[in-house]
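Asks: Dropping a structure here in C-alpha coordinates format, bear with me for questions.
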Amino acid sequence: MLFGEQAIGQWVQHYNHERFHEALNNLTPADVFYGRGEVILELREMIKRNTLAMRKQIHYDGQTNQMC
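Take a look at the structure:
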(Lines of atoms letter the chains of each structure in order from A and count residues from 1; the text may use other names and numbers.)
(Lines give C-alpha, C1' and ligand atoms only; values in the text may rest on other atoms or scores of the structure.)
Protein backbone atom coordinates (compact mmCIF):
# COMPACT_ATOMS: atom_id res chain seq x y z
CA MET A 1 0.00 0.00 0.00
CA LEU A 2 1.29 3.43 -0.85
CA PHE A 3 1.87 6.00 1.88
CA GLY A 4 -0.91 8.23 0.53
CA GLU A 5 -3.42 5.38 0.56
CA GLN A 6 -2.42 4.49 4.11
CA ALA A 7 -2.77 8.10 5.24
CA ILE A 8 -6.22 8.37 3.66
CA GLY A 9 -7.25 5.10 5.30
CA GLN A 10 -6.13 6.40 8.69
CA TRP A 11 -8.01 9.65 8.15
CA VAL A 12 -11.21 7.80 7.17
CA GLN A 13 -10.86 5.57 10.25
CA HIS A 14 -10.44 8.61 12.48
CA TYR A 15 -13.27 10.55 10.83
CA ASN A 16 -15.80 7.71 10.99
CA HIS A 17 -14.86 5.91 14.22
CA GLU A 18 -13.07 8.34 16.54
CA ARG A 19 -14.11 11.91 15.72
CA PHE A 20 -17.32 13.15 17.33
CA HIS A 21 -19.62 15.18 15.06
CA GLU A 22 -21.71 17.99 16.50
CA ALA A 23 -24.35 17.48 13.81
CA LEU A 24 -24.74 13.87 15.04
CA ASN A 25 -25.26 14.83 18.72
CA ASN A 26 -21.53 14.40 19.32
CA LEU A 27 -21.58 10.79 18.18
CA THR A 28 -19.31 9.24 15.60
CA PRO A 29 -20.74 8.32 12.20
CA ALA A 30 -20.01 4.67 13.05
CA ASP A 31 -22.06 4.94 16.26
CA VAL A 32 -25.02 6.23 14.26
CA PHE A 33 -24.58 3.74 11.41
CA TYR A 34 -24.32 0.69 13.69
CA GLY A 35 -27.25 1.78 15.87
CA ARG A 36 -25.26 2.52 19.03
CA GLY A 37 -26.29 6.18 19.16
CA GLU A 38 -29.40 5.90 21.32
CA VAL A 39 -27.65 3.76 23.95
CA ILE A 40 -24.72 6.18 24.10
CA LEU A 41 -27.02 9.21 24.41
CA GLU A 42 -29.07 7.51 27.15
CA LEU A 43 -25.88 6.66 29.06
CA ARG A 44 -24.64 10.25 28.74
CA GLU A 45 -27.97 11.57 30.03
CA MET A 46 -27.87 9.18 33.00
CA ILE A 47 -24.32 10.27 33.85
CA LYS A 48 -25.34 13.93 33.55
CA ARG A 49 -28.34 13.47 35.88
CA ASN A 50 -26.23 11.61 38.45
CA THR A 51 -23.48 14.22 38.30
CA LEU A 52 -25.92 17.10 38.77
CA ALA A 53 -27.61 15.32 41.70
CA MET A 54 -24.23 14.66 43.31
CA ARG A 55 -23.13 18.29 42.87
CA LYS A 56 -26.43 19.51 44.31
CA GLN A 57 -26.00 17.24 47.33
CA ILE A 58 -22.39 18.34 47.86
CA HIS A 59 -23.44 21.99 47.62
CA TYR A 60 -26.32 21.43 50.04
CA ASP A 61 -24.08 19.53 52.50
CA GLY A 62 -21.50 22.31 52.34
CA GLN A 63 -24.10 24.94 53.23
CA THR A 64 -25.45 22.79 56.07
CA ASN A 65 -21.97 22.27 57.54
CA GLN A 66 -21.29 26.02 57.50
CA MET A 67 -24.41 26.70 59.57
CA CYS A 68 -23.37 24.35 62.37
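Residue numbers (the numbering used here): 88 to 155. Note that the Cβ used here is the ideal one computed from N, Cα and C, for glycine as well. What you are looking at is a predicted structure, and each value in this text was computed from that prediction instead of being measured.
#1: Given a cut-off of 8 Å on the beta-carbon distance, is the pair residue 124 and residue 114 in contact?
#2: How about residue 104 and residue 117: are their beta carbons less than 8 Å apart?
#3: What residue does the alpha helix (DSSP H) around residue 117 start on, and which one ends it?
Replies: With the structure as the only source:
#1: Contact: yes.
#2: Yes, these two residues count as a Cβ contact at 8 Å.
#3: That run of the alpha helix (DSSP H) goes 116-120.
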